[in-house]
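This report refers to the structure that appears directly beneath it.
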Amino acid sequence: MKQNTPQAMDDLLIFDTTLRDGEQSPGATMTLENKINIARLLDEMGVDIIEAGFPIASEGDFTAVSTIAGIIDNAVVCGLARSSLGDIHRAGNALKQAKMSRIHTFISTSDLHMQYKLQMTRDQVLEAIYKSINTALEYTDDVQWSPEDGTRTEHNFLCQAVATAIEAGATTINIPDTVGFTIPNESAAIITMLKERIQGINDVVISTHCHNDLGMAVANSLAAVMAGARQVECTVNGLGERAGNAAMEEIVMATRVRSDSLPYRTRIDSTKIIPVSRMVSDATSFPVQFNKAIVGKNAFAHEAGIHQDGMIKHSGTYEIMRPTDVGLSESNLVLGKHSGRAAVKKRLNELGYDIGDNRINDFFIKFKHLADRKREIYDGDLVTMMRETSSDNTEDFLQVKFLKVICGSESPQTAELHLDVGGIHHRVEANGDGPVDAAFRAVSKVFSHEAKLKLYQVSAVTQGTDAQATVTVRLEENGVIAVGQSADTDTVFASLKAYLSALNNLIRQRNAKQIYQKTSPSHA
Ligand code: KIV
Ligand code: ZN
Numbered sequence: 142m143k144q145n146t147p148q149a150m151d152d153l154l155i156f157d158t159t160l161r162d163g164e165q166s167p168g169a170t171m172t173l174e175n176k177i178n179i180a181r182l183l184d185e186m187g188v189d190i191i192e193a194g195f196p197i198a199s200e201g202d203f204t205a206v207s208t209i210a211g212i213i214d215n216a217v218v219c220g221l222a223r224s225s226l227g228d229i230h231r232a233g234n235a236l237k238q239a240k241m242s243r244i245h246t247f248i249s250t251s252d253l254h255m256q257y258k259l260q261m262t263r264d265q266v267l268e269a270i271y272k273s274i275n276t277a278l279e280y281t282d283d284v285q286w287s288p289e290d291g292t293r294t295e296h297n298f299l300c301q302a303v304a305t306a307i308e309a310g311a312t313t314i315n316i317p318d319t320v321g322f323t324i325p326n327e328s329a330a331i332i333t334m335l336k337e338r339i340q341g342i343n344d345v346v347i348s349t350h351c352h353n354d355l356g357m358a359v360a361n362s363l364a365a366v367m368a369g370a371r372q373v374e375c376t377v378n379g380l381g382e383r384a385g386n387a388a389m390e391e392i393v394m395a396t397r398v399r400s401d402s403l404p405y406r407t408r409i410d411s412t413k414i415i416p417v418s419r420m421v422s423d424a425t426s427f428p429v430q431f432n433k434a435i436v437g438k439n440a441f442a443h444e445a446g447i448h449q450d451g452m453i454k455h456s457g458t459y460e461i462m463r464p465t466d467v468g469l470s471e472s473n474l475v476l477g478k479h480s481g482r483a484a485v486k487k488r489l490n491e492l493g494y495d496i497g498d499n500r501i502n503d504f505f506i507k508f509k510h511l512a513d514r515k516r517e518i519y520d521g522d523l524v525t526m527m528r529e530t531s532s533d534n535t536e537d538f539l540q541v542k543f544l545k546v547i548c549g550s551e552s553p554q555t556a557e558l559h560l561d562v563g564g565i566h567h568r569v570e571a572n573g574d575g576p577v578d579a580a581f582r583a584v585s586k587v588f589s590h591e592a593k594l595k596l597y598q599v600s601a602v603t604q605g606t607d608a609q610a611t612v613t614v615r616l617e618e619n620g621v622i623a624v625g626q627s628a629d630t631d632t633v634f635a636s637l638k639a640y641l642s643a644l645n646n647l648i649r650q651r652n653a654k655q656i657y658q659k660t661s662p663s664h665a
């Protein structure tokens with residue numbers, strides 16, 4: 142890799158919002174345990190600021206932010222808050238245990254948002270900015286402010302709002318491209334304008350937060366950096382609202398590979414990029430697109446004969462970075478039938494999973510079981526098994542006890558299912574158009590629901606006919622999206638578990654909504 146001399150490099154802060162904006166992605170809900178593992182790995186890999194959640198949004202978000210605040214050693218832990226004082230107090234309280242904390246407060250500044258969403262005048266918005274930052278400063282001296290829909294905000298008012306935020310004491314000014322509307326030269330021009338027109342701008346960090354609706358989030362972020370932004374808000378795998386946010390791995394590797402034109406240094410240990418990508422994909426059940434830059438399965442694969450020939454002669458012919466730079470080992474075959482508990486635990490730690498003594502016992506039993514059926518256990522298998530042994534599974538409303546399917550060239554195919562529904566055992570049989578359909582119909586016979594199947598996707602975790610199949614199921618019920626993912630060497634059983642996992646997620650979302658509506662009537 143080309144590297145610039147350190148003297149010529151400027152530091153670029155990485156603000157990761159996977160656990161906040163990323164989780165806002167429809168269907169991407171994560172458990173507390175998932176969030177803790179991800180936060181730990183983000184901290185270990187050198188992320189500067191971790192936005193851990195939106196504490197006013199739900200009990201779960203508050204707990205996640207306060208738990209993460211209590212365990213993170215190096216990064217600043219940040220909580221999001223609207224400009225209302227209730228939000229700020231909630232965020233401040235959630236962050237109390239953090240070694241270093243930041244409150245990130247925001248309010249819309251575009252005419253469209255102020256008129257229709259907030260129904261506030263410009264003067265009222267300026268007053269809210271001042272008050273919210275002042276209140277946030279009671280909890281921490283590290284306060285970030287964002288004008289929501291900033292890139293579509295009228296320029297004079299944007300400057301007025303930013304100046305107000307700086308005067309109130311904000312230490313970071315973040316400019317969001319909330320709807321992914323901007324283009325690179327415009328993104329740069331906004332930062333240049335702020336630098337030219339606002340007094341005191343050089344005393345704060347300018348940040349950029351770009352959404353990917355037109356596929357330009359990374360380009361827009363880098364353009365803002367070239368114009369003077371020194372913090373990039375991004376997410377692992379580009380997760381985030383709608384088309385997502387700027388992908389952290391792309392920002393980091395672009396500045397590294399093209400340091401000749403992008404002389405910015407991040408603190409990120411790039412060899413942790415693949416582990417964190419897999420962990421986030423697994424936690425959210427969002428598969429990574431095969432041709433996704435840096436972390437997709439095909440990102441380092443060379444199929445075309447002419448490319449393979451070049452690669453054999455010199456890897457630089459078709460590779461601009463080495464797979465090992467991002468944490469992809471040549472062969473990630475790690476373990477097998479004879480591997481011991483310590484070796485399994487060590488590899489899990491290397492993959493970013495901090496697994497306790499009780500949990501490793503459970504995990505090891507499943508590991509041995511898989512190793513009996515499958516000779517070679519790869520990293521992908523271990524990551525998948527971590528989800529399968531997640532402690533949350535024991536609390537699931539729907540739990541499969543037994544499945545037997547009869548399938549083949551003669552239809553109908555039939556499924557016999559033993560399913561615990563809210564602790565009550567049921568035995569049911571169903572026919573279907575194929576074994577998966579039969580298994581899903583059996584579930585519907587004992588647990589009726591309105592959810593529509595929006596996605597059913599099967600992929601192999603590793604290679605070979607004995608590979609585990611990972612199945613992703615996405616359901617929708619009255620606008621609520623729930624995703625489930627599961628893996629097994631038996632594709633039909635993996636499909637059933639993924640379907641039940643999505644239904645369990647849906648039930649959890651229904652319950653959380655009910656509890657929240659009961660305890661917090663004023664919050665929409
Ligand atoms: O996209 C956006 O505007 C946001 C803000 C809360 C920063 O996520
Ligand atoms: Zn956003």
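Per the working numbering, residue 142 is the first one in the sequence shown, and the count goes up by one each step.
Glycine included, every Cβ here is placed at the ideal spot set by N, Cα and C.
| Taking the C-alpha atoms as reference points, what is the distance between K668 and V577? | Any answer about residue 668 is impossible in this case: the structure gives the chain only from 142 up to 665.
| If S224 sits next to I190, beta carbons under 8 angstroms apart, how far is it from one beta carbon to the other, in whole angstroms? | Wrong, their Cβ atoms sit about 20 angstroms apart, outside the cutoff.
| task | Identify whether T246 lies in helix, strand or coil by the three-state DSSP scheme. | result | strand
| request: With DSSP as the reference, label H296 as helix, strand or coil. | output: helix
| said: Less than 7 angstroms between C-beta atoms, sequence neighbours within five positions excluded: which residues of the same chain meet that for G620? | reply: none
| message | Any heavy atom of the ligand ZN closer than 7 angstroms to the beta-carbon of D162? | response | yes
| task | Assign A579 to one of three DSSP states: helix, strand, or coil. | result | A579 falls in the helix class under three-state DSSP.
| Does the beta carbon of T319 fall short of 7 angstroms from some heavy atom of the ligand KIV? | yes
| Quick one, which of R338, K258, M394 and T333 has its alpha-carbon nearest A364's? | Minimum Cα-Cα distance from A364 among the listed residues R338, K258, M394 and T333 corresponds to T333.
| query | Taking the alpha helix (DSSP H) that P325 falls in, what are its first and last residues? | reply | Segment P325 to R338, the alpha helix (DSSP H) holding P325.
| request: Please go through the region 348-392 and give each complete alpha helix (DSSP H) segment of 4 or more residues, from N-terminal end onward. | output: 358-367
| task | Just list the alpha helix (DSSP H) runs in the region 209-294, keeping only unbroken ones of 4 residues or longer that don't cross its boundaries, in chain order. | result | 226-235 and 263-277, all fully within the region 209-294.
| Check whether M186 and R406 have beta carbons under 8 angstroms apart | no
| query | Using a threshold of 7 angstroms, is the CB atom of S251 nearer than that to any non-hydrogen atom of the ligand KIV? | reply | no
| Taking the continuous beta strand (DSSP E) assigned at N315, which residues delimit it? | Its beta strand (DSSP E) spans residues T313 to D318.
| request: Determine the burial state of K638: buried for a count of at least 16 other Cβ atoms within 10 Å of its Cβ, exposed for fewer. | output: buried
| query | Can you tell me whether DSSP reads T305 as helix, strand or coil? | reply | helix
| request: Would you give the residue range spanned by the alpha helix (DSSP H) that L523 belongs to? | output: D520 to E529
| query | Cα separation between A210 and G194? | reply | 11 angstroms
| Are at least three pairs of beta-carbons, each pair with one atom in the region 370-380 and one in the region 152-160, less than 8 angstroms apart? | yes
| field | Counterpart residues of D151 in DSSP-defined beta bridges | value | Y405
| Apart from the five residues just before and just after H245, which ones in its own chain have a Cβ nearer than 6 angstroms to its Cβ? | C219, L221 and Q285
| Residue burial classification, T262 (beta-carbon count within 10 angstroms, cutoff 16) | exposed
| task | Report the option in L511, I229, I213 and V393 whose CA atom is closest to the CA atom of L154. | result | V393
| task | Buried or exposed for Q553, please, with buried defined as at least 16 other CB atoms from any protein chain shown within 10 angstroms of its CB. | result | Correcting the residue identity first, residue 553 is Pro in this sequence and not Gln. By the 10 Å Cβ count, P553 comes out exposed.
| said: According to DSSP, simplified to helix, strand and coil, what is L511? | reply: helix
| task | Classify I415 as buried or exposed, calling it buried when 16 or more other Cβ atoms lie within 10 Å of its own Cβ. | result | buried
| request: Run through the region 577-614 for me and flag every whole beta strand (DSSP E) of 3 or more residues, listed as ranges in chain order. | output: 593-601
| said: Just to confirm my understanding: we take L603, look at its own chain, exclude 5 residues before and 5 after, and list those with CB closer than 6 angstroms. What are they? | reply: At residue 603 the sequence reads Thr, which differs from the Leu that was named. Cβ neighbours of T603 beyond the five flanking positions: Y519 and G521.
| request: To the nearest angstrom, report how far apart R482 and L523 are at their CA atoms. | output: 13 angstroms
| message | Less than 7 angstroms separating the Cβ of E289 from some heavy atom of the ligand KIV? | response | yes
| task | Kindly examine the ligand ZN and report whether one of its heavy atoms sits closer than 7 angstroms to the Cβ of L381. | result | In the sequence under discussion, the amino acid at residue 381 is Gly, which differs from the Leu named in the question. Yes; taking the cut-off as 7 angstroms, the Cβ of G381 has a heavy atom of the ligand ZN nearer than that.
| request: Determine the DSSP secondary structure at S472, reduced to helix, strand or coil. | output: At S472 the pLDDT is 47, less than 50, meaning the model places this residue with poor confidence; the figure from the coordinates comes in the next sentence. It is coil, neither helix nor strand.
| said: Check for me: the beta strand (DSSP E) holding F412 runs from which residue to which? | reply: As written in the sequence, residue 412 is Thr, which differs from the Phe given in the question. It is not in any beta strand (DSSP E) - T412 carries neither H nor E in the DSSP assignment.
| request: For N499, count neighbouring Cβ atoms within 10 angstroms of its own Cβ and tell me buried if that reaches 16, exposed if not. | output: exposed
| message | I'd like the list of long-range same chain contacts for S472, defined as Cβ closer than 7 angstroms, with 5 residues on each side in sequence excluded. | response | For S472, the pLDDT reaches just 47, beneath the cut-off of 50, and the residue's location in the model is therefore unreliable, although a value from the coordinates is still provided. No residues qualify anywhere along the chain.
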